[in-house]
Every structure is written in C-alpha cells, then in structure tokens.
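Below: one structure, written as structure tokens.
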Amino acid sequence: MTRGLFIVIEGLDRTGKSTQCAQLLNHFSVSGTNAALIKFPDRTTSIGQMINSYLQSKTDINDNAIHLLFSANRWEMSQNITDTLNQGTTIIADRYAYSGVAYSVAKGLDYTYCKYPDRGLPMPDKVFFLDLPPQLAQQREDYGDERYESLDMQTRVREAFMKLLIDNQYIHKIDVTGQSIDSVHDTLKQQLEPLLTQQQQPIKHTLFM
Ligand code: FDM
Ligand code: MG
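Following numbering that gives the first Met the number 0, the numbering of the sequence shown begins with 0 at its first residue and continues without gaps.
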C-alpha cells in the first residue's frame, strides 16, 4: 500500500482556503482516494482551546507564548499525521507551520526564531499559497471577526509569507484574484496530478531543517 499525500493550503484570512480544502476532500472521495481534512489551529484540544480564546480576544497571551502554543498544537497532532499518511490516507491541511511563522513575524517576532519550534514536523508533499491582495480579502464576508483580521496586520502577514515563499521554493503560489472557486480547484488538481501517479517516498521530517 502506498502512503497518503500530505497537502497543505496556506493563505491570508478570507482567501478561500477552507473552501478549497473542502473541494479537494470531495474530489478525493469521489475518485475513491481515502482522504481526511485537518485544520490548524485545531481548536478542539486543550491547547487549541487556549488558542481559540486568544483569537477571540477573550484572553491575552504573550506573543512568544502564543507562538509556541500554535506550534505545540501541531506537535500534538504530528504522530497522528504520520500514522494517517502511513495508513494510506491523504491529508489536506487548512494552514500549517507557514502560517505559524508568517503571523508571528508580522507581529514583530524574529523570523529565524519563529521557524525553530516547528523544525522536524512532518514535511508536506505539496504546499499551496492562495494569494489575494489583503484589500480584496477585506471585502469578503465575515472579515474582521477575530484577532489579526485587520488590513494592517494582513498586509504584514502577506509580506512575511513572501519571504517564506522565497526561502521555500517548493511552496506554490496561486493568484486567486478574480478566479472562481472552480477555476482555483482545477488549478490545484492540475498541480497535484503528477504526485498522484508517482510512488511517494517515506514521510520526511525536514520541515524548516
Ligand atoms: N494562526 C494560525 C497563527 O497565528 N499561527 C498559526 O500557527 C496558525 C496555524 O490563527 F489568523 C492564525 C491565523 C489566523 C488564526 O486561523 C486562525 P483560521 O484559519 O482563521 O481559523
Ligand atoms: Mg480566521
């Protein structure tokens, strides 16, 4: 049995990540591929609940501390990710460590420091960055509900993502400006096509190494 693929979708808030993740999940289930959706932060765990209350501005947490909690929230899931992939199930992740770095750097934390806690996590097979100008994302429904959803912050998050894209050339940027849900979905499928037909190597743990 071949292992599942680990696919990550990244982007600013309101760029269509969750929609595209759901579309991919549906695509895989229709085509008979075992697939599962995960989302970071995973707000269901006890660490996740702390993160959730922070994002809803119900609590304040030191910038370094919350950065480490976001990372811990990935580490507590990491064995599960590896096991699921090895059992042959493809994983689609709505955000991962790239968001972890980009949002904290946007708040002023050091870039190299920010990558460190996530070093050694399962390495995705494919990472997409859905790119939409922050001004356009801002016009979308429900924008501004949570901490970080301001034009100023999102602009800085995008800048941090651009640095990550330069340093991690495997991240595939997709300009979603003016694109329909279906056309973005088609682009993602096209990009994934070559991976589906090739035998995957064992999962690497080289993230940010
Ligand atoms: N976020 C998300 C971070 O700041 N660090 C992280 O490691 C992750 C995974 O949390 F503003 C931010 C990004 C976003 C918020 O994400 C919650 P969703 O996708 O909007 O639920
Ligand atoms: Mg959000």
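From the three backbone atoms N, C-alpha and C, an ideal C-beta is built for every residue, glycine too.
Between the CA atoms of F39 and R73 - distance to the nearest angstrom: 7 Å
Applying the criterion that 16 or more other CB atoms from any shown protein chain within 10 Å of the CB defines a buried residue, is E192 buried or exposed? exposed
Mind the definition here: the stretch 141–151 touches the stretch 190–206 only if three or more C-beta pairs lie below 8 Å; say whether that holds. no
D174 burial status per 10 Å Cβ neighbour count (16 or more: buried): exposed
D12 CB to nearest heavy atom of the ligand FDM below 7 Å: yes
Using only the alpha-carbon positions, how far apart do D93 and V126 sit? 10 Å
Spatial neighbours of Q48 within its chain, please: C-beta separation below 7 Å, excluding the five flanking residues on both sides. R42
Between the alpha carbons of K106 and G99, how many angstroms are there, rounded? 11 Å
Using only CA atoms, which one of Q86, H66, N85 lies nearest to Y95? H66
Quick one, are the C-beta atoms of T83 and G3 less than 8 Å apart? For the 8 Å CB-CB criterion, T83 and G3 form a contact.
Can you name, in chain order, every residue of its own chain whose Cβ lies under 8 Å from the Cβ of L108, other than the five neighbours on each side? D62, N63, H66
Whose C-beta lies closer than 8 Å to the C-beta of S70 among residues of the same chain, with five residues either side of it excluded? Correct list, in chain order: A96, G99, P116, D117.
Check whether the Cβ atoms of D130 and K188 lie closer than 8 Å to each other. no
Is it the case that the Cβ atoms of A136 and R13 are separated by a distance below 8 Å? Yes, Cβ-Cβ distance for A136 and R13 is below 8 Å.
First and last residue of the beta strand (DSSP E) that includes I170? 170–174
Going by the DSSP bridge assignment, what does D93 pair with across the sheet? I8, K38
Where does L129 fall in DSSP's three states? Three-state DSSP puts L129 in a strand.
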